[in-house]
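Numbering (my numbering), first residue to last: -5 to 180. The C-beta atom is built at its ideal place from N, Cα and C for all residues, glycine as well. This one's a predicted model, so the numbers in the text were calculated from it and none came from an experiment.
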Ligand code: AMP
């Protein structure tokens, strides 16, 4: 199966994406992780990505799309994957759809994890990471709202979007995700 996860910081997206990939026995692909790795190895993409990531901005669409395109062309992705952190803009989603079409495939489902903002703020504050002070949290949530809202509409219009309530224990959310996947034929 080919699955995309979308959710604001603090929604549990990363945790759920890893668990689902394990369950489905497909790869978990996090573009944040791939970019950090490219940055560490100083690959061509990495050299450019480091600067952008350090500045707290999104890596250019073409760059991140190329990285994903190269990765999903590899053998270990042929059974599917769970994407975590990509697409993040409508342009990325459009480019990705075109790519999937040329490969004769399509996404099975886009899972949105929904958590209300007060709960997100509570969770993020509890993580206590250096980049989790209130002003930064607010900014990241705002950025998510601005960039992601159109992306949700994009997938909704294409009949791909499925919303899962993230305001429960990780086990319960995982179970709900499995039910949602069954509904789309997984
Ligand atoms: P994440 O681990 O998903 O929070 O990503 C960490 C950083 O990697 C982000 O702040 C962005 O700079 C960059 N990044 C990850 N995924 C993408 C993407 N799909 N488009 C652009 N930048 C991305």
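Per DSSP, residue i is paired with what?
{"i": "residue 58", "result": "DSSP, once it has assigned bridges, lists no residue as partnering residue 58."}
{"i": "residue 22", "result": "76"}
{"i": "residue -4", "result": "75"}
{"i": "residue 156", "result": "105"}
Leaving out five residues before and five after residue i in sequence, what residues of the same chain have Cβ atoms less than 8 angstroms from its Cβ?
{"i": "residue 55", "result": "83, 85, 86, 89"}
{"i": "residue 9", "result": "164"}
{"i": "residue 174", "result": "103, 105, 156, 158"}
Considering only the alpha carbon of each residue, which of the options lies closest to residue i?
{"i": "residue 165", "options": "40, 6, 73", "result": "6"}
{"i": "residue 28", "options": "16, 18, 47", "result": "47"}
{"i": "residue 64", "options": "115, 23, 141, 135", "result": "23"}
{"i": "residue 110", "options": "104, 103, 118", "result": "118"}
{"i": "residue 105", "options": "40, 38, 39, 142", "result": "142"}
{"i": "residue 13", "options": "178, 172, 177", "result": "172"}
{"i": "residue 75", "options": "102, 59, 51", "result": "102"}
{"i": "residue -5", "options": "38, 20, 163", "result": "20"}
{"i": "residue 91", "options": "148, 57, 79", "result": "148"}
{"i": "residue 94", "options": "72, 15, 112", "result": "72"}
{"i": "residue 160", "options": "35, 133, 128, 169", "result": "169"}
{"i": "residue 11", "options": "35, 99, 79", "result": "79"}
{"i": "residue 178", "options": "162, 157, 167", "result": "157"}
{"i": "residue 51", "options": "152, 155, 133", "result": "133"}
Among residues of its own chain, excluding the 5 on either side of residue i, which ones have a beta-carbon nearer than 6 angstroms to its beta-carbon?
{"i": "residue 1", "result": "7, 107"}
{"i": "residue 40", "result": "32, 33"}
{"i": "residue 77", "result": "-2, 23"}
Check the C-beta distance from residue i over to residue j and give it rounded, since I have them as a contact under 8 angstroms.
{"i": "residue 4", "j": "residue 114", "result": "4 angstroms"}
{"i": "residue 43", "j": "residue 53", "result": "5 angstroms"}
{"i": "residue 25", "j": "residue 62", "result": "7 angstroms"}
Got a sec? Which residues, its chain only, sit under 7 angstroms from residue i by beta carbon, not counting five neighbours each side?
{"i": "residue 144", "result": "84"}
{"i": "residue 59", "result": "86, 89, 90"}
{"i": "residue 99", "result": "-4"}
Practice task
Would you mind listing the beta strand (DSSP E) stretches within the region 73 to 113 that are 3+ residues and don't spill past its ends, in chain order?
Solution key: You should have 75 to 78, 103 to 108.
Problem - By C-beta, the residues closer than 5 angstroms to any heavy atom of ligand 3, given in chain order - result: Absent from the structure shown: ligand 3. Ligands present: ligand 1.
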